[in-house]
């Protein structure tokens with residue numbers, strides 16, 4: 323029998339990790355890693371941070387050098403999209419028309435920037451930030467632009483704004499909700515970052531949308547807001563979230579719903595196809611089944627799709643171990659995230675959306691605090707600003723049932739590390 | 007260029023010439039040294055670039071930040087007094103000849 327073949331579709335952090343972990347787990351068949359972007363697989367987080375600021379270069383962006391793929395016998399196909407999954411034919415079809423027969427497919431297709439559906443969005447100078455190519459364009463432009471409007475105050479929009487304002491541009495951030503980063507952080511953390519960006523000199527308009535983008539016929543010159551204001555702009559950054567790349571799965575007859583639907587083993591309805599990372603919608607015991615969660619009728623767990631390094635990497639390891647025949651348990655890793663905005667490091671453990679009570683540890687005025695988020699009497703997540711020790715403790719606590727009360731969380735004299743020790 | 011020695015748990019060693027300013031972690035990644043995972047890319051979020059610095063050479067290494075101290079609580083292999091995150095060890099001329107031991111596991 324021929325060696326088994328695994329095709330990994332998508333060569334971002336998750337796809338890279340599957341390929342790499344398959345070898346670590348001793349998988350002896352062929353591993354083919356296929357990405358539609360040119361060049362070696364790279365890390366995305368620095369694109370809105372140190373790389374954008376010009377503080378780090380390409381060498382620091384590559385996940386591994388080219389020699390790694392040769393040494394590990396990972397066949398790397400870059401700059402070419404997979405156009406279809408051929409289930410009856412046990413293979414995938416590539417843009418060039420060639421096909422690859424394979425026994426297992428791992429979909430690590432990621433997500434793409436959501437476009438802003440308004441007149442003028444096609445003008446030059448209206449840009450997204452998702453890929454290395456996007457970051458290269460922005461890095462060049464930052465040296466020349468004077469006025470930037472950032473549409474969308476999520477992680478990427480705020481990280482970009484922090485870099486751009488340090489580069490000397492005037493920044494106006496507009497956000498359709500009243501809470502920057504509100505999809506992922508609590509009101510106290512959101513409010514703290516809003517004030518921080520204002521103190522750095524950014525203008526912020528909350529509860530404000532975009533009606534259209536105006537231009538001189540070619541380039542963007544201003545943004546008209548939903549409340550009728552004209553904000554001058556020679557660069558408009560659109561960062562209003564992403565669309566998961568689920569079309570390949572959908573066209574292959576697999577279930578999709580805000581991403582590719584997988585079970586607790588990260589397997590799709592087809593036993594030979596798994597999905598991981600930004601594109602995968604999976605059941606989780608983390609977070610709350612409150613207003614933002616959707617209870618899964620089978621497991622009683624809610625379903626989420628997470629966009630983070632941790633999620634991509636941990637899910638990749640799980641699927642690689644399963645394919646290599648090493649272990650196959652439900653995916654159950656504590657989610658964590660981070661964001662760097664100037665001198666503020668935000669670290670999140672768990673999923674805090676859907677909380678109904680918060681307890682503050684430390685004071686926002688000091689620039690160093692944590693928000694412990696509870697659903698009912700259960701701790702579901704912790705947001706830390708410049709308090710790395712709290713973050714690490716939270717990641718440990720959330721592995722099991724933390725049994726921490728809001729009073730204990732808010733009491734700085736209460737020893738959280740000892741609390742974990744007692745629970746063991 | 008300063009040279010840095012990486013010793014694997016099985017005793018095998020790899021010696022790299024590392025430009026000043028490059029971290030012990032980044033040099034290992036660029037040269038495909040097994041045993042350094044570095045999943046967060048040097049942001050002090052993951053503790054998967056853990057190394058043990060040759061004890062006598064500890065004074066050659068920069069002091070630990072609060073972030074690094076916190077993250078060292080999260081290493082997969084035992085934390086020892088000479089544990090460091092190699093992403094925080096930017097190589098200086100004085101570090102020429104530094105020896106680091108790779109732990110049994112990073113995840």
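Residue numbers (the working numbering), protein chains in the order written: chain P, 323 to 746; chain W, 7 to 113. Glycine included, each C-beta is placed from N, C-alpha and C at the ideal position.
Do residue j and residue i count as a contact pair if the criterion is CB distance below 7 Å?
| i | j | result |
| --- | --- | --- |
| residue 634 of chain P | residue 335 of chain P | yes |
| residue 339 of chain P | residue 481 of chain P | no |
| residue 494 of chain P | residue 529 of chain P | no |
| residue 522 of chain P | residue 496 of chain P | no |
| residue 600 of chain P | residue 433 of chain P | yes |
| residue 452 of chain P | residue 565 of chain P | no |
| residue 567 of chain P | residue 405 of chain P | no |
| residue 535 of chain P | residue 558 of chain P | yes |
| residue 652 of chain P | residue 608 of chain P | no |
| residue 683 of chain P | residue 692 of chain P | yes |
| residue 46 of chain W | residue 91 of chain W | no |
| residue 659 of chain P | residue 670 of chain P | yes |
| residue 330 of chain P | residue 337 of chain P | yes |
| residue 702 of chain P | residue 725 of chain P | no |
| residue 3 of chain W | residue 49 of chain W | Not covered by the structure: residue 3 of chain W. The range shown for chain W is 7 to 113. |
| residue 383 of chain P | residue 391 of chain P | no |
| residue 357 of chain P | residue 333 of chain P | yes |
| residue 464 of chain P | residue 597 of chain P | no |
| residue 704 of chain P | residue 694 of chain P | yes |
Using beta carbons (cut-off 7 Å, strictly below), is residue i in contact with chain P?
| i | result |
| --- | --- |
| residue 31 of chain W | no |
| residue 45 of chain W | yes |
| residue 104 of chain W | no |
| residue 36 of chain W | yes |
| residue 7 of chain W | no |
| residue 18 of chain W | no |
| residue 51 of chain W | yes |
| residue 12 of chain W | no |
For residue i, would you say it is in contact with chain W, using Cβ-to-Cβ distances shorter than 7 Å as the test?
| i | result |
| --- | --- |
| residue 565 of chain P | no |
| residue 502 of chain P | no |
| residue 635 of chain P | yes |
| residue 645 of chain P | no |
| residue 522 of chain P | no |
| residue 390 of chain P | yes |
| residue 655 of chain P | no |
| residue 711 of chain P | yes |
| residue 526 of chain P | no |
| residue 393 of chain P | yes |
| residue 387 of chain P | yes |
With 16 as the cutoff for other CB atoms within 10 Å, does residue i come out buried or exposed?
| i | result |
| --- | --- |
| residue 366 of chain P | buried |
| residue 401 of chain P | exposed |
| residue 393 of chain P | exposed |
| residue 166 of chain W | No answer is possible for residue 166 of chain W: the residues shown for chain W start at 7 and end at 113. |
| residue 632 of chain P | buried |
| residue 9 of chain W | exposed |
| residue 51 of chain W | buried |
| residue 466 of chain P | exposed |
| residue 32 of chain W | buried |
| residue 654 of chain P | exposed |
| residue 613 of chain P | Any answer about residue 613 of chain P is weak, because its pLDDT of 41 lies below 50 and its placement is not dependable; what the coordinates show is given next. Exposed, since its Cβ has fewer than 16 Cβ neighbours within 10 Å. |
| residue 679 of chain P | exposed |
| residue 73 of chain W | buried |
| residue 26 of chain W | exposed |
| residue 579 of chain P | exposed |
| residue 353 of chain P | buried |
| residue 61 of chain W | exposed |
| residue 29 of chain W | buried |
| residue 7 of chain W | exposed |
Give me the DSSP bridge partner(s) of residue i.
| i | result |
| --- | --- |
| residue 658 of chain P | P:671 |
| residue 691 of chain P | P:684 and P:707 |
| residue 9 of chain W | W:23 |
| residue 408 of chain P | P:413 |
| residue 497 of chain P | P:528 |
| residue 435 of chain P | P:564 |
| residue 89 of chain W | W:58 |
Given the structure, does residue i come close to the ligand FMN, in the sense that its CB is under 6 Å from one of the ligand's heavy atoms?
| i | result |
| --- | --- |
| residue 527 of chain P | Looking at this structure, you won't find the ligand FMN or any other ligand, since it has none at all. |
(request) Check each residue of the region 72-98 of chain W: if its Cβ is closer than 7 Å to any Cβ of chain P, include it; give the result in chain order. (result) Cβ contacts with chain P: 72, 73, 76, 77, 79 and 80.
(request) Could you name the residues of the region 361-377 of chain P whose beta carbon sits closer than 7 Å to any beta carbon of chain W, in the order they occur along the chain? (result) 365, 367 and 368
(message) By the 9 Å beta-carbon criterion, what residues does the region 714-733 of chain P contribute toward chain W?
(response) Within the region 714-733 of chain P, the qualifying residues are 714, 715, 717 and 718.
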